[in-house]
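Novice: Chain order of the listed sequences is A and B. Each residue of the first sequence is one higher than the one before, starting from 40 at the first, in our numbering. Each residue of the second sequence is one higher than the one before, starting from 8 at the first, in our numbering. Quick reminder that beta carbons are idealized off the backbone N, C-alpha and C, glycines included.
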Amino acid sequence: MGTNESAPNASTASFLRVRGLSKRYVRRKALWRRSTPVVALRDVSFEIAAGKTLALVGSSGSGKSTVARCVTRLEKPDAGEVWLGETDISRLEHRDLVPLRPLMQMVFQDSVTSLNPRFTAAEIIEEPLRIQRRGNRNERRNHARELMTEVGLSPNWADRPATQFSGGQRQRLAIARSLVLQPKLLVLDEALSGLDLSTQAQIANLLLDLQDARSLTYLFISHDLALVARLADVIAVMSAGQVVEQGPAAQITSHPEHPETRSLLSSALAFQNSYAATLAGRV
Amino acid sequence: MVEDSNDRLLHACSLTVTYGPDDERPVRALKDVNLEIRPAEVVGVMGESGSGKSTLALSLLRMLPPHASCDSGSLTFQGRDLLLLNQPELRKIRGAHMCLVAQDPALALSPVMRVGDQIAEVIRAHSSIGPQERSLLVEELLREVGFQEPREIYPAYPHQLSGGQRQRVTIAQAIACNPSLVVADEPTSELDAGLRAEIIRLMAEIRRKHRTAFLVISHDPTIFAGFADRIAVMYAGRVVEEGKTEDIFRRPLHPYTQALVNLSTSCFGGPAASRARFPALQGESPDLACLPRGCTFEPRCRERMEVCTSRDPQEFIPIPSHRVNCFKYGN
C-alpha cells in the first residue's frame with residue numbers, strides 16, 4: 040500500500056484523530072461596542088479507531104456540536120488538526136475538501152428541518168450523488184431504493200414527499216442519505232434525541248447493524264450518558280469547551296472521575312434509581 | 008366499585024375525537040377514551056408519538072383546532088360538562104382551574120414580552136388584584152418554581168433564559184391562579200437528563216404543597232416512577248391499559264406496555280454486553296386515517312391470536328383497579 044493512501048488501514052489504526060482543536064466565535068453585542076469572543080472549544084483532542092464509536096457527551100452548551108461542525112469542516116477551526124485517515128483536513132480550502140466530503144457524513148438531530156420538505160424520499164437520498172456527479176438517473180434511483188431497504192423503509196415509498204414520513208422514518212431517511220456516498224465516518228449529532236423511546240431503540244439497533252455491515256466509524260454526540268453507554272466504545276466528556284475526561288465506556292460509567300462526568304451520570308441515574316425502586320418487586 | 012362522583016376532579020367518558028373532514032380521510036385521533044383524575048392525583052399518560060397523547064391534552068382543555076370534532080362521549084370537570092360550555096365560560100376555567108404546560112416553552116412564551124409580565128397577565132385575566140400586589144405575587148411564584156433571584160428574572164425576555172428556566176416560567180404561569188389541575192404535555196422532552204429530574208421534582212413539590220392534580224404526558228415511562236400515582240398507556244388513540252404506577256411497571260398486562268417497560272429497563276444498568284441490541288418493539292404505530300380491523304396493536308403483537316384480527320378488544324379488569332384492552336384477559 041502506498042504511504043500517501045487516503046484510505047485508512049484496516050485494523051486498529053485511528054480513522055479520525057483530532058489534536059488541539061480550538062474555536063472562538065466573535066459575538067458582537069451592538070455596533071458601537073467592542074466585540075467579545077466566546078471560546079467554544081479549547082484544545083480538544085481525541086481519536087477514534089476505524090470501525091469504532093466515540094461518544095462525545097456533555098450538557099447543552101458544552102461545545103459538542105462545535106466539535107462536530109469542525110470535524111466535518113462545516114466550520115474552520117482556529118487551531119488544531121483534524122486527521123481523516125492520512126489527511127489533515129483542518130486547513131484545507133473548500134475546493135480540496137470536495138473529494139474528501141464523501142468520506143464523512145453527518146446526521147442531524149432534527150430530521151424535520153434537515154430534510155427538504157419539497158423533495159421525495161428518493162430525491163433526498165440521491166442528492167449527494169447528483170452533487171458528486173455519480174451515476175446516471177437510473178443508477179441513482181436504484182441506489183436510493185436499495186438504501187431505503189437497508190435502513191428499513193419500503194422502496195415503494197420512494198416517491199412520497201418527506202413530510203409524509205413519521206419522525207423515526209425521517210431519521211432513517213437521513214441515515215440513508217448519509218450512506219449514499221459510501222462514507223467511512225458518520226457524525227451523529229444528537230441523532231436519537233427527540234425520538235420516542237421505542238423509536239430510539241430501533242434507530243440505535245439500525246446504527247449498530249450498519250456499523251457491523253459497513254465497518255463504519257461513528258462520532259456520536261449526545262447529552263444522554265445512559266443511552267450512549269450501550270453504543271460507544273469510548274466516551275469523551277465535554278464541559279465548557281474542553282474534554283474533561285475520556286476513556287472506555289465501561290470505565291467512564293463505572294468509575295467516573297471528573298465532577299462533570301459524575302453529575303451527568305447521577306442525573307442519568309436519578310430516574311433509573313426511582314424506576315428500579317418501583318420495579319423492585321420484579322427485579 | 009361505585010365511587011362518589013364528587014371524588015372525581017375530571018372524568019372523560021368514551022371521548023372520541025376526529026380530525027377532518029376537510030382532509031381526504033378523517034383521522035380518528037381518540038377513540039372511547041375513559042380517564043379519571045382525582046383531586047391532588049398525578050396521572051401519567053404514556054405512549055409513542057401519534058398515539059393521541061397531545062390530542063387528549065388539548066381536548067381536556069377544549070383547545071382542539073377548529074377542524075377537530077369531539078364526536079361522542081362526555082367530559083366532566085368539577086361537576087360541569089365541558090363539552091356543553093361556550094368559549095367565554097371555558098376561558099374562565101382555563102388558566103384559573105385547569106392549565107396547560109406545553110412541550111416547547113420557547114413556543115409557549117411570547118418572545119416580545121418580559122416573562123414576569125407574562126405571568127402577571129394570567130393573574131390579571133382571572134382576578135381583580137392591583138398591579139403592585141400582582142407583581143409581588145409574580146415574584147413569589149418565580150421563587151416557588153426555583154428562581155433564587157426573582158427580581159432578576161422578572162424583566163428577562165424568554166431568549167435570555169435557558170430551556171430549563173423557560174419551562175419553570177411556564178409552570179409558574181400554570182400555577183399562578185392555584186388551579187386544581189395542570190395538564191403537562193411532554194414537559195421534559197426538550198430538556199437534558201439533569202433538568203428533567205429538576206422539573207419533575209418541582210411538579211411533585213407543587214402537588215404536595217398545593218394539592219394540585221397533574222396529568223403528565225410522556226413517551227418516557229421512567230419519569231413517572233416515584234411521581235405518578237397512576238399511569239394510562241395509550242396506543243393508536245385508545246387507552247389500552249391503566250393502573251397504579253407500581254402495577255404498570257411490575258406487572259404490565261398489555262403486550263405493548265410489556266414491550267415498553269422491558270425496553271426502558273434494558274436501557275439501564277450501565278454498559279450492556281458490548282454491541283447488544285436493544286429489545287426494540289418492531290414496526291410503527293398505525294396510520295390513524297386507515298386503521299386495521301380488530302385490535303390496533305395486532306400487527307406488532309407477539310402474542311396475537313385469531314380473534315385479534317376480527318374484533319376490537321373491550322376493556323377487561325383482571326385485577327382490581329387495573330384495566331386492559333386485550334383478548335389475553337377475556338373474551
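Are the beta-carbon atoms belonging to K103 of chain A and T256 of chain A less than 8 Å from one another?
Specialist: Reading the first sequence from its first residue, position 64 is the one you call residue 103 of chain A. Reading the first sequence from its first residue, position 217 is the one you call residue 256 of chain A. In this structure, T256 of chain A does not lie closer than 8 Å to K103 of chain A by Cβ.
Novice: Use the C-beta contact count for L231 of chain A: other C-beta atoms within 10 angstroms, 16 or more gives buried, fewer gives exposed.
Specialist: On the first sequence, position 192 is the one that residue 231 of chain A refers to. Classification of L231 of chain A: buried, given that the 10 Å Cβ count is 16 or more.
Novice: Can you pull out the residues from the stretch 250–268 of chain A whose beta carbon lies closer than 7 Å to at least one beta carbon of chain B?
Specialist: H262, D263, A265, L266, A268
Novice: Return no unless some Cβ of chain B is closer than 8 Å to the Cβ of N244 of chain A.
Specialist: Here the question's residue 244 of chain A lines up with position 205 in the first sequence. Yes, because at least one Cβ of chain B sits closer than 8 Å to the Cβ of N244 of chain A.
Novice: Quick one: does D198 of chain A have its CB under 8 Å from some CB of chain B?
Specialist: Position 159 of the first sequence, counting from 1, holds the residue named residue 198 of chain A. Chain B contact via Cβ: absent.
Novice: I'd like the ranges of any alpha helix (DSSP H) spanning at least 4 consecutive residues and lying wholly in the stretch 158–201 of chain A.
Specialist: 160–170, 176–189
Novice: Quick check on I136 of chain B: does DSSP put it in helix, strand or coil?
Specialist: Indexing the second sequence from 1 puts residue 136 of chain B at position 129. Note: I136 of chain B maps to coil in three-state DSSP.
Novice: Hey, P20 of chain B and G59 of chain B: beta-carbon distance below 8 Å or not?
Specialist: Numbered from 1 along the second sequence, position 13 holds the residue referred to as residue 20 of chain B. Numbered from 1 along the second sequence, position 52 holds the residue referred to as residue 59 of chain B. Just to set this straight, residue 20 of chain B is Cys in the shown sequence, not Pro. In this structure, G59 of chain B does not lie closer than 8 Å to C20 of chain B by Cβ.
Novice: Can you find a CB in chain A that lies within less than 8 Å of the CB of G233 of chain B?
Specialist: One-based indexing of the second sequence puts residue 233 of chain B at position 226. So yes, G233 of chain B belongs to the interface.
Novice: Any Cβ of chain B within less than 8 Å of the Cβ of S193 of chain A?
Specialist: For the purposes of this step, residue 193 of chain A is taken as the residue at position 154 of the first sequence. No, because no Cβ of chain B sits closer than 8 Å to the Cβ of S193 of chain A.
Novice: Short of 7 Å in beta carbon distance, which residues of its chain neighbour E299 of chain A, apart from the five on each side in sequence? Order them along the chain.
Specialist: Translated into positions along the first sequence, residue 299 of chain A becomes position 260. So the qualifying residues of the chain are V276, S278, V283.
Novice: Would you say A89 of chain A reaches chain B, if we count a Cβ-Cβ gap shorter than 8 Å as a contact?
Specialist: Mapped onto the first sequence, residue 89 of chain A falls at position 50. It does not: the Cβ of A89 of chain A has no partner Cβ on chain B nearer than 8 Å.
Novice: Please tell me whether A163 of chain B and A240 of chain A are closer than 8 Å, where the distance is taken between their beta carbons.
Specialist: For the purposes of this step, residue 163 of chain B is identified with residue 156 of the second sequence, where counting begins at 1. For the purposes of this step, residue 240 of chain A is identified with residue 201 of the first sequence, where counting begins at 1. Going by C-beta atoms, A163 of chain B is not nearer than 8 Å to A240 of chain A.
Novice: Determine the closest residue to A113 of chain B out of B:P262, B:L188, B:Q167, B:V223, with distance taken between C-alpha atoms.
Specialist: The residue labelled residue 113 of chain B in the question sits at position 106 within the second sequence. Nearest of B:P262, B:L188, B:Q167, B:V223 to A113 of chain B, Cα basis: B:Q167.
Novice: In terms of alpha-carbon separation, which member of A:T292, A:Y314, A:Q285 lies closest to T252 of chain B?
Specialist: The residue you call residue 252 of chain B lines up with position 245 of the second sequence. For T252 of chain B, the nearest C-alpha among the options comes from A:Y314.
Novice: At least one CB of chain A closer than 8 Å to the CB of A220 of chain B: is that the case?
Specialist: Within the second sequence, the letter at position 213 stands for residue 220 of chain B. For A220 of chain B, the answer is no, since every Cβ of chain A falls outside 8 Å of its Cβ.
Novice: Who are the near neighbours of A197 of chain A in its chain, counting only those whose CB is closer than 6 Å to its CB and skipping five residues on each side?
Specialist: In the first sequence, residue 197 of chain A corresponds to position 158, counting from 1. Answer for A197 of chain A: A160, A161, R184, listed in chain order.
Novice: Give every residue of the same chain whose Cβ lies closer than 7 Å to the Cβ of S61 of chain A, excluding the five residues on either side of it in the sequence, and list them in chain order.
Specialist: Here residue 61 of chain A corresponds to residue number 22 of the first sequence, with the count starting at 1. If we look at S61 of chain A and ignore the five residues flanking it on each side, its Cβ neighbours are L80, R81, D82, P116, D117, A118, G119.
Novice: Tell me, please, whether the CB atom of S56 of chain B is closer than 8 Å to any CB atom in chain A?
Specialist: Residue mapping note: residue 56 of chain B aligns to position 49 of the second sequence, counting from 1. Output row for S56 of chain B: interface = yes.
Novice: If the cut is a Cβ gap below 8 Å, which residues of chain A does D199 of chain B touch?
Specialist: Residue numbering aside, residue 199 of chain B sits at position 192 when the second sequence is read from its first letter. Per Cβ cutoff of 8 Å: S98, S99, H262, D263, S306.
Novice: Along the chain, where does the beta strand (DSSP E) containing T195 of chain B start, and where does it finish?
Specialist: As a position in the second sequence, residue 195 of chain B is number 188, starting the count at 1. No beta strand (DSSP E) contains T195 of chain B, which DSSP labels as neither H nor E.
Novice: Just checking my contact of S225 of chain B with E193 of chain B at CB under 8 Å: how many whole Å lie between their CB atoms?
Specialist: As a position in the second sequence, residue 225 of chain B is number 218, starting the count at 1. As a position in the second sequence, residue 193 of chain B is number 186, starting the count at 1. With a Cβ gap of about 6 Å, S225 of chain B and E193 of chain B count as contacting.
Novice: Evaluate the contact criterion for the stretch 70–88 of chain B versus the stretch 170–184 of chain B: three or more CB pairs, one atom per stretch, below 8 Å.
Specialist: no
Novice: Starting from the Cα of M241 of chain B, find the closest Cα among B:Q125, B:V40, B:R35 and give me that residue.
Specialist: Taking the second sequence and counting its residues from 1, the one referred to as residue 241 of chain B is at position 234. Ranking B:Q125, B:V40, B:R35 by CA distance to the CA of M241 of chain B puts B:V40 first.
Novice: If you count every other CB in all the chains shown that lies within 10 Å of the CB of S74 of chain A, and 16 or more means buried, which is it?
Specialist: If you number the first sequence from 1, residue 74 of chain A lands on position 35. Burial call: exposed.
Novice: Counting only runs of 3+ residues fully inside the stretch 155–219 of chain B, write out the beta strand (DSSP E) ranges in chain order.
Specialist: You should have 188–192.
Novice: Taking a contact to mean a Cβ-Cβ separation below 8 Å, would you say D228 of chain A touches A200 of chain B in this structure?
Specialist: Residue numbering aside, residue 228 of chain A sits at position 189 when the first sequence is read from its first letter. Residue numbering aside, residue 200 of chain B sits at position 193 when the second sequence is read from its first letter. No, they are not a contact pair.
Novice: Verify the CB distance criterion: does I326 of chain B have a CB-CB separation below 8 Å to chain A?
Specialist: Counted from its first residue, the second sequence places residue 326 of chain B at position 319. For I326 of chain B, the answer is no, since every Cβ of chain A falls outside 8 Å of its Cβ.
Novice: What are the partner residues of D88 of chain B, as DSSP defines its beta bridges?
Specialist: The residue labelled residue 88 of chain B in the question sits at position 81 within the second sequence. DSSP lists B:T83 as partners of D88 of chain B.
Novice: Does the beta carbon of L270 of chain B come closer than 8 Å to any beta carbon on chain A?
Specialist: Residue 270 of chain B sits at position 263 when you count from the first residue of the second sequence. Taking Cβ atoms only, chain A reaches closer than 8 Å to L270 of chain B, which makes this a yes.
Novice: Straight-line CA distance for R130 of chain A to W122 of chain A?
Specialist: As a first step, residue 130 of chain A must be located in the first sequence, where it is residue number 91. As a first step, residue 122 of chain A must be located in the first sequence, where it is residue number 83. Approximately 11 Å between the Cα atoms of the pair.
Novice: Need the endpoints of the beta strand (DSSP E) that H329 of chain B sits in, please.
Specialist: Mapped onto the second sequence, residue 329 of chain B falls at position 322. Note, H329 of chain B: beta strand (DSSP E), 329–331.
Novice: Touching or not, the stretch 175–195 of chain A and the stretch 206–215 of chain A, by the rule of three or more beta carbon pairs under 8 Å?
Specialist: yes
Novice: Leaving out five residues before and five after L90 of chain B in sequence, what residues of the same chain have Cβ atoms less than 7 Å from its Cβ?
Specialist: Mapped onto the second sequence, residue 90 of chain B falls at position 83. The residues are C77, S81, L82.
Novice: Quick one: does the C-beta of V219 of chain A sit closer than 7 Å to a heavy atom of the ligand GDP?
Specialist: Judged by which ligands are present, the structure shown has none, so any question about the ligand GDP falls away.
Novice: Does any C-beta atom of chain B lie closer than 8 Å to the C-beta of F310 of chain A?
Specialist: The residue you call residue 310 of chain A lines up with position 271 of the first sequence. Yes, contact with chain B.
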